[in-house]
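The listed protein sequences derive, respectively, from chains L and B.
The opening position of the first sequence corresponds to residue 1 in this note's numbering, with each subsequent residue numbered one higher.
The opening position of the second sequence corresponds to residue 1001 in this note's numbering, with each subsequent residue numbered one higher.
Note that beta-carbon positions come from the ideal geometry of N, C-alpha and C, so glycine has one too.
It should be emphasised that the depicted structure is a prediction, and the values quoted were computed from it without experimental measurement.
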Amino acid sequence: MSSVGRPGIGWWLLILPAFALLLVFYIAPIVQVLTISVTEPSLGFGNYQRILTSSAVQRVIMTTLRICLITTVLALLLGYAIAYAITLASPRARGWWVLAVLVPLWISVLVRAFAWVTLLRRQGLINNTLIEAGVITDPLPLVWNEFGIVVGMVHYMVPFAVLPMLSSMREIDPRLLAAARGLGASRGEVFRHVFLPLSLPGVIAAAVLVFIFTLGFYITPAILGGGKTLMVAEWISLQILDLIRWGLGTMMATVLVLAILVTLAVFSRVVDLRRIFGAGA
Amino acid sequence: MQSFQQDCVELAFRRFRRGEVDRRTLLAGLAALGVGSFVGGEAQAQAARKLVMVNWGGLANQGFGNFYGAPFVAANPGWTVEQDSTGPSAGRIRSMVESGRVTWDMCDSSASSSFLLGRQNLLTKIDYSIVKKEDTLPVGFALEYGAAPYSFSSVLCYDSAKFPNGGPTSWKDFYDLQKFPGTRLMRRDALATLDAAQMALGKDPAHLYPLDIDATVRKAASLRRNAVFWNSGSESEQFLRTGEAVMGMVWHTRATVLERETNGRIKFLWPQGLLQAGIMVIPRGNPGGEGAQRLLASMLHNPEPQVGLLQLLGNGPTNPRAAAMVPEELRRKNPTDPENERVQVVMDGEWWGANYQQANADYIDAITG
């Protein structure tokens, strides 16, 4: 940034049309809608009070946070292993690895959710195989519960976890690892004391990205949850479209937006945000 | 949440693809459902005044026919009837009326939404000097803020193969996990679900309302660990077809399909089914004004297209003269056939209009807890 210097007035004029468009057609309507949360059913913060008083609102928030945290942790663990393997692979193999990570990313979220249903349901591939092999007698409850939701969401999020971590790991100078080995460190020690600390910025970036993404999940929990688990996105749509409790729905939407902004603000102090959104690396 | 109407359109297209109905029947049926455009030649030339009907079908502009539109357009020269498939959920109707730019004349809604929206001054009252009450069966098909050109029912449907010693015969059996073990299937919506729970609690179906919200929600939630919940009609059919659930409350249109396609392995019961009105509403300040009332009157007045709709999709007619016109083999599938209607319970739209928000919020909290 320092080499670019201070942007002049011309630079600002260049982004002005896009900014004006965004302000008028995107930000203003959103603010207008979110304002309903303090004007309906009566003026004031009654809707926000419900976060403290309504067990239903609390439960939706807690369920969402729980599922999102579990998903984030699992996606990071799986993603880290994959990113590590890709980093250490030969350049030729690396291309194929990256492709394998990206291909599922391009498949519709709907298709993936239904594919999981086919695999996980009572008479699905997994249960049938286990029963025929004599491992179990009754089908395992693999779907229509939080387990099914987490499976579907982790599957969706792993590529988003891999990419920031991969870019971070590839910045690590391999000579550092060789030097550590040369100085007598074991493979485990090299990983723990050299590789892991150097890859941490990528891990945090991936965690922020995955967590924010999962907060707004709608389709996957709707299909794999069997109707028994409600996360905020679906809850908001229910309030707005079916129950016509707009005050409550927009309150939750505001909370969701704030939660995302706060998460970003906190982590922008720890990690270079540009890395998360593809720049920087 | 998928509405009944959306589900009907989906079913119709499936039957068409399988060759079970021909194109003509499909289009006629879609038109009767309100999916399809009636911008006819001579009418368009005059295009002075048009009415916009809003439905739930995704393929609205492909549907074409004249079950509802043509009789009206023929009787009212100068009018056209156009279709819009946005899906008029209560929330969308509200946002349109409140924005002050109403472009819809008639919306395919529900009894409870008609009361809910009517109370918030978002709908036009039905003018019963134009719409004829005697064109509907006297079971809650003509309401203050809406009237029903079709009906449907929520019935108990079960897999008879899972119960060799005889299946369930009532909602009480539905809640009896000892006698009838296995996963239950319920709609993730309080409508009809709580009515059935109230029957299971032992209240006389003839005097079912008012429902006890707390008790019925608790009753419904008692099945939670042994239940799955559906949002769309196709989902409900899949759950039963694939054996994920052994019995469930589903729309009669899905139940008849399951019964036919499994050669009777999956059965359904009319007794204690919940008969509901497919209510059309008119948003306040609709551009077509009184024309919408006249269109509604024409939809209710003509029994033949209502029977055509039953033939294609299974929606029950609401005109009292329609049941006699239904072919013998279809009577089993008609929710308003006198034989079937007699044993069902008519859902109290007014009670639901006053209590839907609270009851549904409580219900969803309880089952997603």
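- Taking Ser-1112/B as the centre and dropping the five residues before and after it, the same chain places the C-beta of Leu-1191, Gly-1349, Trp-1352, Gly-1353 and Tyr-1356 closer than 8 Å to its C-beta, in chain order.
- Cα atoms of Asn-1319/B and Lys-1333/B: separation of roughly 16 Å, rounded to the nearest angstrom.
- When rounded, the separation of the alpha-carbon atoms in Gly-148/L and Gly-1273/B is 32 Å.
- Residue environment: Ser-1154/B is assigned as buried (16 or more neighbouring CB atoms within 10 Å of its CB, all protein chains considered).
- For Gln-1358/B, the enclosing alpha helix (DSSP H) covers residues 1349 to 1367.
- Within the DSSP bridge table, the entry for Cys-1157/B names Gly-1248/B and Phe-1268/B as partners.
- Between Leu-1269/B and Thr-1169/B, the C-beta spacing is below 8 Å.
- Looking at Trp-1056/B, Asp-1173/B, Phe-1229/B and Pro-1338/B, the one whose alpha-carbon comes closest to that of Ser-1089/B is Trp-1056/B.
- Each residue's CA atom was taken as its position, placing Gln-49/L and Met-252/L some 12 Å apart.
- Contacts with chain B at 8 Å (Cβ-Cβ) do not include Arg-66/L.
- For the pair Arg-1094/B and Leu-1122/B, the Cα-to-Cα distance works out to about 7 Å.
- The beta carbon of Thr-1336/B lies closer than 8 Å to those of Leu-1137, Ser-1151, Leu-1275, Gly-1316, Pro-1317, Thr-1318, Ala-1322 and Ala-1323 in the same chain, with the five residues before and after it left out.
- At a Cβ-Cβ threshold of 8 Å, Tyr-1145/B and Lys-1132/B do not count as neighbours.
- Shown here, Thr-1080/B sits in a strand according to DSSP, grouped into three states.
- Taking all protein chains in view, the Cβ of Trp-246/L is crowded by 16 or more other Cβ atoms within 10 Å, so the residue is classified as buried.
- Taking 7 Å as the cut-off between beta carbons, the residues of the region 124 to 145 of chain L near chain B are Trp-144, in sequence order.
- Taken in chain order, the unbroken stretches of alpha helix (DSSP H) that lie wholly in the region 1162 to 1232 of chain B and span 4 residues or more are 1171 to 1174, 1193 to 1200 and 1213 to 1221.
- Among the residues of the region 248 to 276 of chain L, none has a Cβ less than 7 Å away from any Cβ of chain B.
- Around the CB of Leu-99/L, fewer than 16 other CB atoms lie within 10 Å, so the residue is classed as exposed.
- Any Cβ of chain B closer than 8 Å to the Cβ of Arg-175/L would place that residue at the interface, and such an atom is absent.
- In its chain, beyond the 5 residues on either side, Thr-250 and Thr-254 have a beta carbon closer than 6 Å to the beta carbon of Leu-34/L.
- The region 199 to 275 of chain L contains, as complete alpha helix (DSSP H) runs of 4+ residues, the segments 219 to 224, 232 to 237 and 246 to 268 (chain order).
- When C-beta atoms of the region 223 to 237 of chain L are compared with those of the region 16 to 35 of chain L, fewer than three pairs fall below 8 Å, so the two segments do not count as touching.
- If the five residues before and after Ala-161/L are omitted, its C-beta is found closer than 6 Å to the C-beta atoms of Ala-75, Leu-76, Gly-79, Ala-206 and Val-210, all from its own chain and listed in chain order.
- The beta-carbon of Ile-82/L is placed no less than 8 Å from the nearest beta-carbon of chain B.
- DSSP places Tyr-1150/B within a strand segment (E or B) once states are collapsed to three.
- In the DSSP annotation of this structure, the continuous segment of the beta strand (DSSP E) that includes Arg-1049/B starts and ends at 1049 to 1054.
- Across the region 1078 to 1100 of chain B, CB contacts with chain L closer than 8 Å involve Ser-1089, Ala-1090, Gly-1091, Arg-1092 and Arg-1094, in sequence order along the chain.
- Ala-207/L is outside the set of residues whose beta carbon lies under 8 Å from a beta carbon in chain B.
- Rounded to whole angstroms, the gap between the alpha carbons of Leu-1240/B and Pro-1303/B is 33 Å.
- In the DSSP annotation of this structure, Asp-1105/B is not part of any beta strand (DSSP E), being labelled neither H nor E.
- Inclusion of Glu-1082/B and Val-1052/B in the CB contact set at 8 Å is warranted, their separation being smaller than that value.
- Contact fails between the region 106 to 124 of chain L and the region 187 to 207 of chain L, because fewer than three Cβ pairs, one in each stretch, are under 8 Å apart.
- At a cut-off of 8 Å, the C-beta of Arg-122/L has a neighbouring C-beta in chain B.
- Taking a contact as a CB-CB distance under 8 Å, the pair Ala-1196/B and Met-1280/B does not count as one, their CB atoms being some 26 Å apart.
- Minimum Cα-Cα distance from Arg-1342/B among the listed residues Leu-1310/B, Val-1257/B and Val-1139/B corresponds to Val-1139/B.
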